[in-house]
Amino acid sequence: MFTTIWAKPSLKKHLALGAFYFLTSCSLLGQVPTYQFQSLGGVNTAAQSYLKKQLLGTKGYADFNLQILLKEFDFQSKDTFKFQAEIYVNRDSILGPQLLYTYKSQFKTQGFKTKSGHWEEMAKLSSQSLSSQFAIWWKNNWGKDPKLIQEVRVEFLPDYVPKAMDKDTVFFGQKKLDWTDFTAKPYPGSRFAAQIFSNFEYHAVPRIEQGILYLPIQIKVYMLRSYSWKKENLPDRALDHESTHFKITQQAAYQFKEQIKQKKLRPLWYESELQWWFLDAYRWMNSMQKMYDEGTQHGINASEQEKWNEIFK
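Read in order, the letters of the sequence shown correspond to residues 1 to 313 in the UniProt record's numbering.
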């Protein structure tokens, strides 16, 4: 922004117009969340007292508390004044202040013979200019800036099960497994009769509307034919054993979803929380798969195999 100030009478008029514009823009905000400037710091501590009067006067409850950091506030010459400030939001003690908005201004100050005695006038002008421009930015961006998310709403889409069969991937619920789904070559020297490669993952594409982050989550539970193998002439109970491995994977995915349903995602931490609960479910799956193999002796113990089949039927 570039503004020319010719003399004190014009300056007063300019400030009055700026104040009117700022108040008008605020009145148009409607249901937009409120904010207040909570602290001010940065360069030129001598001028901060003037700026604090202009920017930190409003006290009381606000939806967001913001911090202002002065980067530049000084006369470059007797005819030029430069002002730069950054506005931060601080919502989490671990993340710390996060940059929202950067504002730069340069004013021509013809008519000012010296800079002494004009700090307060420049503080007023700079404050009005920053406040009015930030009010416009806030109106246009509060509802879509990730740093200002107020709520996370999760929607679970049906688990991914395509109608068409993939050459290599079988998704849980798509078909009943049979030995033709085990196409990899057996590991040489393996003492096991068969092995299934099953896994699960999630996909989430967030969108932000009016300060709310909508998070549709879809789960994929699948096995890969090219990584699953078997030896020749295996009994049906061996296939039951591998199928239950697949069902344990599906149960881990279910537990992941249940974790999300039971605990509310925090706006600034939802990605980390999703990853943590995903890894937690993954650890459970690996532990359960190992316990299952040990309990059934990899399917050799028929009675134990029946018990596990019943648990994960």
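Just so it is clear, CB atoms sit at the ideal spot from N, CA and C, and this is done for glycine as well.
Through-space distance from residue j to residue i, alpha-carbon basis
{"i": "ASN309", "j": "THR249", "result": "14 Å"}
{"i": "LYS78", "j": "ILE217", "result": "59 Å"}
{"i": "LYS231", "j": "PRO97", "result": "59 Å"}
{"i": "LYS307", "j": "LYS313", "result": "10 Å"}
{"i": "THR24", "j": "SER105", "result": "The pLDDT assigned to THR24 is 39, lower than 50, so where the model puts this residue is not dependable; a value taken from the coordinates is nonetheless given after this. Between THR24 and SER105, the C-alpha separation is close to 21 Å."}
{"i": "MET288", "j": "ILE136", "result": "55 Å"}
{"i": "VAL208", "j": "LYS264", "result": "The question names Val, yet the displayed sequence has Ile at residue 208. Approximately 17 Å between the Cα atoms of the pair."}
{"i": "residue 319", "j": "GLY211", "result": "Nothing can be reported for residue 319: it is not among the residues displayed for the chain, which extend from 1 to 313."}
{"i": "ASP145", "j": "ILE311", "result": "46 Å"}
{"i": "TYR202", "j": "TRP229", "result": "25 Å"}
{"i": "MET291", "j": "ALA164", "result": "34 Å"}
{"i": "LEU29", "j": "GLN150", "result": "No answer about LEU29 holds up, because its pLDDT of 39 lies below 50 and its placement is not dependable."}
{"i": "TRP277", "j": "LYS261", "result": "11 Å"}
{"i": "SER93", "j": "GLU242", "result": "48 Å"}
{"i": "ALA302", "j": "ASP178", "result": "19 Å"}
{"i": "HIS118", "j": "GLY57", "result": "21 Å"}
Host beta strand (DSSP E) of residue i (start-end)
{"i": "PHE73", "result": "64-77"}
{"i": "HIS203", "result": "198-204"}
{"i": "ILE87", "result": "80-89"}
{"i": "GLU264", "result": "In the sequence as presented, Glu is not what sits at residue 264; that position holds Lys. It is not in any beta strand (DSSP E) - LYS264 carries neither H nor E in the DSSP assignment."}
{"i": "ILE208", "result": "207-209"}
{"i": "LYS104", "result": "98-108"}
Coil, strand or helix - residue i by DSSP
{"i": "PRO216", "result": "strand"}
{"i": "LYS230", "result": "strand"}
{"i": "residue 314", "result": "Here the chain comprises residues numbered 1 to 313, so residue 314 is not present and cannot be evaluated."}
{"i": "LEU224", "result": "strand"}
{"i": "GLN150", "result": "coil"}
{"i": "ILE311", "result": "helix"}
{"i": "SER243", "result": "helix"}
CB contact check: residue i to chain C, cutoff 7 Å
{"i": "ILE248", "result": "Within the model displayed, chain C is absent; a lone protein chain is all it includes."}
N-terminal and C-terminal residue of the alpha helix (DSSP H) that residue i is part of
{"i": "ARG283", "result": "270-296"}
{"i": "THR45", "result": "45-55"}
{"i": "LYS124", "result": "119-141"}
Contact under 7 Å by Cβ, residue i with residue j
{"i": "PHE134", "j": "TYR88", "result": "no"}
{"i": "TYR160", "j": "LYS220", "result": "yes"}
{"i": "ALA238", "j": "MET285", "result": "no"}
{"i": "SER226", "j": "ASP168", "result": "yes"}
{"i": "PHE192", "j": "HIS298", "result": "yes"}
{"i": "ALA85", "j": "LEU148", "result": "no"}
{"i": "PRO267", "j": "VAL154", "result": "no"}
{"i": "PHE73", "j": "ASN44", "result": "yes"}
{"i": "TYR222", "j": "PHE171", "result": "yes"}
{"i": "ARG48", "j": "LEU40", "result": "Looking at the sequence provided, one finds Gln at residue 48 rather than Arg. Closer than 7 Å, so yes."}
{"i": "PHE37", "j": "ILE68", "result": "yes"}
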